Amino acid sequence: MQENILDEYHKRIDPLDAKIDSEGGKLRINPKTEFLTLLVGSIINRILVGYSFDESNMDEFLEIRNAIERANESVSVFDFVLLCTGWKDMPFINKRYELMMEGEKRSVAFGFRQLNRRREEIESGKYQLVDDSDAKDFIDAFLLEIKRREESGEEKNSFIDKQLVYAILDMWSAGMETTITTLSWAFLYLLKNPEVQEKMRKELLEVCGYERDVELSDRQLLPYCNATITEVHRATSLLTLNVMRRNTEDTTIGGYSVPQGTDNAVLMSVIFKDEDIFKNPTLFNPERYLGEDGKEIEQKVIPFGVGKRSCLGEGLAKAEIYLILLNIVKSYRIVDCDGVDANWLESNNMFVRIPKSYECVFEKVQGISK
Numbered sequence: 300m301q302e303n304i305l306d307e308y309h310k311r312i313d314p315l316d317a318k319i320d321s322e323g324g325k326l327r328i329n330p331k332t333e334f335l336t337l338l339v340g341s342i343i344n345r346i347l348v349g350y351s352f353d354e355s356n357m358d359e360f361l362e363i364r365n366a367i368e369r370a371n372e373s374v375s376v377f378d379f380v381l382l383c384t385g386w387k388d389m390p391f392i393n394k395r396y397e398l399m400m401e402g403e404k405r406s407v408a409f410g411f412r413q414l415n416r417r418r419e420e421i422e423s424g425k426y427q428l429v430d431d432s433d434a435k436d437f438i439d440a441f442l443l444e445i446k447r448r449e450e451s452g453e454e455k456n457s458f459i460d461k462q463l464v465y466a467i468l469d470m471w472s473a474g475m476e477t478t479i480t481t482l483s484w485a486f487l488y489l490l491k492n493p494e495v496q497e498k499m500r501k502e503l504l505e506v507c508g509y510e511r512d513v514e515l516s517d518r519q520l521l522p523y524c525n526a527t528i529t530e531v532h533r534a535t536s537l538l539t540l541n542v543m544r545r546n547t548e549d550t551t552i553g554g555y556s557v558p559q560g561t562d563n564a565v566l567m568s569v570i571f572k573d574e575d576i577f578k579n580p581t582l583f584n585p586e587r588y589l590g591e592d593g594k595e596i597e598q599k600v601i602p603f604g605v606g607k608r609s610c611l612g613e614g615l616a617k618a619e620i621y622l623i624l625l626n627i628v629k630s631y632r633i634v635d636c637d638g639v640d641a642n643w644l645e646s647n648n649m650f651v652r653i654p655k656s657y658e659c660v661f662e663k664v665q666g667i668s669k
């Protein structure tokens with residue numbers, strides 16, 4: 300996974316770095332549209348279906364991504380609750396539903412195209428898929444499991460084409476936009492808190508030096524950077540309302556009786572701003588997760604949930620955020636350029652907290668070469 304992430308990172312950052320050099324070491328950019336979107340989309344697509352995006356297939360990517368973004372920007376908590384309670388066929392609400400489902404329809408069509416193409420290549424002999432050693436992506440792994448079950452006489456259960464395509468949809472829609480948005484917020488918090496950024500860079504250069512990439516194996520040596528990422532998750536509170544659940548039996552939560560069949564959700568954003576848990580919650584402060592010795596202490600931030608219903612893509616998202624953010628911070632200062640709205644903490648959305656579009660400057664750190 301790390302190899303794929305860093306490979307895609309360099310495909311995007313190396314041309315940008317050359318442009319920064321040509322501009323005297325500084326470049327004003329919109330990090331979301333000019334860097335993060337295509338990078339994160341390519342990482343996820345490569346893991347799922349085996350290829351990344353570039354100029355030759357950009358239209359295919361943007362068609363799906365823009366549909367997902369339109370849905371995310373339009374949906375509110377109100378819409379989400381109504382849909383979960385079965386009101387989607389009512390007048391006016393059904394139009395909202397169609398807009399929200401546009402991204403899903405395009406993603407599902409994309410998934411079936413990829414699956415059918417792979418099967419045709421396998422049947423024609425153009426693509427080799429015999430055993431696990433041949434698996435290059437998620438589609439391969441899924442098809443091999445179907446084959447194994449067929450040969451052993453096991454029930455397929457959920458290993459059917461529709462399940463494969465909807466798993467791709469989940470990773471595409473939930474995994475891509477949330478990671479892009481988290482990184483967009485991270486850049487914002489760091490340009491607004493340059494002292495935090497400098498502490499991160501000092502730690503990164505002490506551990507990794509100027510020449511090599513930050514890697515996942517460096518995690519235990521980077522307590523301040525880890526604490527900063529944790530604080531980004533807390534301060535961002537990406538989902539105002541977590542995914543809706545329905546309890547299958549009568550239960551009690553916090554002393555309140557909750558009857559069977561009740562729709563409910565965890566308000567993560569409220570927990571992350573609870574002063575009893577996080578002192579001065581409006582302050583961006585990575586030190587809250589560090590002891591007096593500078594080492595990490597137990598933290599109570601669970602942006603991906605817990606238990607068997609936690610986020611399916613947690614491992615990938617954590618690796619992406621860690622590798623992309625820390626390698627950027629090591630190599631470039633993220634500087635405010637009056638391209639950030641004075642009300643930068645406000646979000647354009649009520650369900651997923653999406654920051655307003657902004658520009659910043661990437662300023663190359665002296666001593667870094669590509």
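Residue numbers for the sequence shown follow our numbering, so the first one is 300 and each next one is one higher.
Virtual Cβ for every residue (Gly too), placed ideally from N, Cα, C.
A quick note: this is a predicted structure, and the numbers were derived from the prediction, not measured.
Helix, strand or coil, according to DSSP, for residue i in the structure here?
i	result
residue 325	strand
residue 663	strand
residue 654	strand
residue 552	strand
residue 457	coil
residue 596	coil
residue 341	helix
residue 646	strand
residue 635	strand
residue 240	Beyond the ends of the chain as shown, which are 300 and 669, falls residue 240; an answer cannot be given.
residue 589	strand
residue 562	strand
residue 557	strand
residue 573	coil
residue 609	coil
residue 429	coil
residue 250	With the chain represented from 300 up to 669, any question about residue 250 goes unanswered, as that position is not in the structure.
residue 353	coil
residue 436	coil
residue 334	helix
residue 474	helix
Evaluate residue i with the Cβ neighbour count: other Cβ atoms within 10 Å of its Cβ, from every protein chain shown; 16 or more gives buried, anything less gives exposed.
i	result
residue 642	exposed
residue 413	buried
residue 353	exposed
residue 558	exposed
residue 495	buried
residue 533	buried
residue 455	exposed
residue 654	buried
residue 340	buried
residue 584	buried
residue 631	buried
residue 431	exposed
residue 567	buried
residue 316	buried
residue 569	exposed
residue 599	exposed
residue 555	exposed
residue 652	buried
Using a Cβ cut-off of 8 Å (strictly closer), state whether residue i contacts chain B.
i	result
residue 633	Annotation note: the requested chain B is absent from the structure, which comprises a single protein chain.
My understanding is that residue i touches residue j, with C-beta atoms under 8 Å, so please give their C-beta distance in whole angstroms.
i	j	result
residue 481	residue 535	6 Å
residue 318	residue 326	6 Å
residue 621	residue 515	7 Å
residue 604	residue 473	Actually they do not touch by this definition, with Cβ atoms about 12 Å apart.
Would you mind listing the alpha helix (DSSP H) stretches within the stretch 478-546 that are 4+ residues and don't spill past its ends, in chain order?
Counting only runs of at least 4 residues, the stretch 478-546 fully encloses the following alpha helix (DSSP H) elements, listed from N- to C-terminal order: 493-507, 522-535.
Does the count of Cβ pairs from the stretch 586-599 and the stretch 308-318 closer than 8 Å reach three?
Below 8 Å, too few C-beta pairs join the stretch 586-599 and the stretch 308-318 to call them touching: fewer than three.
Would the stretch 497-511 and the stretch 352-369 be scored as touching if the rule is three or more Cβ pairs under 8 Å?
With fewer than three CB-CB distances shorter than 8 Å, the stretch 497-511 does not count as touching the stretch 352-369.
How do the stretch 456-476 and the stretch 405-421 stand: do at least 3 beta-carbon pairs fall below 8 Å, yes or no?
Touching, yes.
Using 8 Å as the threshold, is the stretch 515-529 in touch with the stretch 570-585, meaning 3 or more CB pairs across them?
Yes: the two stretches touch, three or more of their Cβ pairs being nearer than 8 Å.
Evaluate the contact criterion for the stretch 481-493 versus the stretch 417-431: three or more CB pairs, one atom per stretch, below 8 Å.
The answer is no - the stretch 417-431 does not touch the stretch 481-493, with fewer than three Cβ pairs under 8 Å.
When the Cβ atoms of the stretch 541-556 are set against those of the stretch 612-629, are three or more pairs found closer than 8 Å?
No, they do not touch.
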